[in-house]
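Start counting the sequence shown at 0; every next residue gets the next number (numbering that gives the first Met the number 0).
Even for Gly, the Cβ is constructed at its ideal location relative to N, Cα and C.
In what follows, a single structure is set out as structure tokens and then discussed.
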Amino acid sequence: MLKICTKISFVFLICLILSLGVDYLYRCTYQENYQLPKNILLHPEIDDKYEIVKVGNSHAEDGLTFERYKLKSLSLASVAQSFEYDLAMLKMYTRQIKKGGIIIINISPLSFSQKKPRKEDNVNMNFYDGRLSPFLIPHLKAAEYLQIQIVPFVRTGFLWREKYAKEVAEKAMNTYAAEWDRKKKVVELVPETNITDKVPIAGVHTFIPTFKVQEIQAELDAPPDLTEKRFLESTRLMVDKWYKSGDFGIEYFEDNTKDLKNLISYCLKNKWQPVLITLPISQVLLDGLGPKYLQNYIYDNVANLDLHNVKYFDFASDTRLTKNGYLFENSDHLNRKGAIIVSYLLLKNLDDANYVSKETDRYDYE
0 MLKICTKISF
10 VFLICLILSL
20 GVDYLYRCTY
30 QENYQLPKNI
40 LLHPEIDDKY
50 EIVKVGNSHA
60 EDGLTFERYK
70 LKSLSLASVA
80 QSFEYDLAML
90 KMYTRQIKKG
100 GIIIINISPL
110 SFSQKKPRKE
120 DNVNMNFYDG
130 RLSPFLIPHL
140 KAAEYLQIQI
150 VPFVRTGFLW
160 REKYAKEVAE
170 KAMNTYAAEW
180 DRKKKVVELV
190 PETNITDKVP
200 IAGVHTFIPT
210 FKVQEIQAEL
220 DAPPDLTEKR
230 FLESTRLMVD
240 KWYKSGDFGI
250 EYFEDNTKDL
260 KNLISYCLKN
270 KWQPVLITLP
280 ISQVLLDGLG
290 PKYLQNYIYD
300 NVANLDLHNV
310 KYFDFASDTR
320 LTKNGYLFEN
330 SDHLNRKGAI
340 IVSYLLLKNL
350 DDANYVSKET
360 DRYDYE
């Protein structure tokens, strides 16, 4: 028995040495330093605590900015983040958020219909990057987490093959693109442009993001411009994804509603002020989804909640936003200018509802 254990230990030691060697070569090749595991425990308390926090998926990540709020802010939004992970992120930062702090909870068009990840899925593995304590990650796959955070060298061979395959694919694509451009021989016409700091005339769309209230109002007063052709492809992708992929559906309403209730309850328990919002998507996408999509997938679910007097601000039904294609990066995400404008409107709503004082507003009024 001792001999067998000795042989097994020897084989294990050889494998360990080889794995470490391959890992060293991999990190030298791609200049990647080994990082010690981080955020195993919850974040410690700080003196200067956050006063406003946003959680949600990429719609909130791209579509809200607190730059001109006179409040210390924190973004805990990320791609495909569900209510369940919103709660986990808030728990991670509980000791760093001020009592009475405002928690902006984004309810996107897919928040209630999003499929909950299971342990056998890889949907939640992007949270294994150290943002969350392993004690908070829902549906944690312990073996995967250990490989990524604690003993990453055991995955080096896989990562190296994956990176090499990606480099080969990119090289082939770039070569093809360069050859295509050479054959086209198209002369690009550069339109004349005049850059000016003057306030635009009402009814004229501008491309430059600005914090000037007069220009924001001019954009809101401008006539609709759907730029429908620009959003057709992304609209097709979103409609197919939300209706046909199997990752979204009405069968997930109940679970996600329960997660949102838990999220609201946790905020109230910690003496925070949760605020629900829905950010706009383009009218082109709304038309593609059908006239009752928002009602069936958002509003009916919100109506079934016990909000405990929590405010809900809906920007998805504001046609000044949905019908202005200049505010969107694609059919369902706001661009920089759109984020600035919607954040301004949110600030006005927060002021009217006495969540903030007028001194919080640092937008430009001159």
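* What are the complete alpha helix (DSSP H) segments, minimum 4 residues, inside the segment 307–346? -> 318–321
* Alpha-carbon to alpha-carbon, residue 315 and residue 152 -> Note on residue 152: pLDDT 46, under 50, position unreliable in the model; the coordinate value appears next. Rounded to whole angstroms, residue 152 to residue 315 spans 46 Å at the Cα level.
* Which two residues bound the contiguous alpha helix (DSSP H) that contains residue 74? -> Residue 74 -> not in any alpha helix (DSSP H); beta strand (DSSP E) instead, spanning 72–74.
* Proximity below 7 Å, CB of residue 374 to CB of residue 51 -> Within the shown structure, residues of the chain are numbered from 0 to 365, placing residue 374 beyond reach of any answer.
* Asked: What's the call for residue 56, buried or exposed, on a 16-neighbour Cβ count within 10 Å?
  -> buried
* Asked: Per DSSP, residue 272 is paired with what?
  -> 101
* For the alpha helix (DSSP H) that residue 215 lies in, which residues bound it at each end? -> 212–220
* Asked: What is the C-beta distance between residue 304 and residue 256, in whole angstroms, given that I count them as a contact (C-beta under 8 Å)?
  -> 7 Å
* Between residue 39 and residue 66, what straight-line distance do the alpha-carbon atoms span, to the nearest angstrom? -> 30 Å
* **Reference residue 238, options 260, 289, 261, 217, closest by Cα** => 289
* Asked: Hey, how far is the Cα of residue 362 from the Cα of residue 73?
  -> 19 Å
* **Sequence-distant residues of the same chain with beta carbon closer than 7 Å to residue 265, five excluded per side** => 86, 89
* What are the start and end residues of each continuous beta strand (DSSP E) run of 3 or more residues lying completely inside the segment 46–92, in chain order? -> 49–54, 72–74
* **Residues of its chain near residue 354, where Cβ-Cβ distance is below 8 Å and the 5 sequence neighbours each way are ignored** => 101, 272, 274, 310
* To do: May I ask which residues mark the beginning and end of the alpha helix (DSSP H) holding residue 286?
  => 282–288
* Asked: What do you reckon, is the C-beta of residue 296 under 6 Å from a heavy atom of the ligand MN?
  -> Looking for the ligand MN in the displayed structure turns up nothing, as the structure carries no ligands at all.
* Beta-carbon separation of residue 284 and residue 356 under 7 Å? -> no
* **Residues of its chain near residue 224, where Cβ-Cβ distance is below 8 Å and the 5 sequence neighbours each way are ignored** => 204, 322, 323, 324, 325
* For the alpha helix (DSSP H) containing residue 353, list its first residue and its last residue. => Element bounds for residue 353: n/a, residue is neither H nor E.
* In three-state DSSP terms, what is residue 121? -> Model confidence at residue 121 stands at a pLDDT of 47, short of 50, so the residue's coordinates are unreliable; what they give is reported in the following sentence. Coil at residue 121, not helix or strand.
* To do: Please classify residue 45: is it buried, with 16 or more other beta-carbons within 10 angstroms of its beta-carbon, or exposed?
  => exposed
* Can you give me the start and stop residues for the alpha helix (DSSP H) that residue 300 sits inside? => 299–302
* Asked: For residue 113, does the count of other Cβ atoms within 10 angstroms reach 16, so buried, or fall short, so exposed?
  -> buried
* DSSP-derived helix/strand/coil call for residue 184 -> For residue 184, the pLDDT reaches just 45, beneath the cut-off of 50, and the residue's location in the model is therefore unreliable, leaving the point undetermined.
* Would you kindly work out how many angstroms separate the C-alpha atoms of residue 333 and residue 342, rounded to a whole number? => 11 Å
* Count the other CB atoms, across all protein chains shown, that sit within 10 Å of the CB of residue 209; report buried if there are 16 or more and exposed otherwise. => buried
* Would you kindly check if the distance between the Cβ of residue 95 and the Cβ of residue 48 is under 7 Å? => yes
* To do: Return the CA-CA distance between residue 259 and residue 229, expressed in angstroms with no decimal places.
  => 34 Å
* Could you tell me if residue 300 is buried or exposed, where buried requires 16 or more neighbouring beta carbons within 10 angstroms of its beta carbon? => buried
* Between residue 277 and residue 106, which are expected to be in contact by the criterion C-beta below 8 Å, what is the C-beta distance as a whole number of angstroms? -> 5 Å
* **Closest Cα partner of residue 262 within the set 43, 358, 93** => 93
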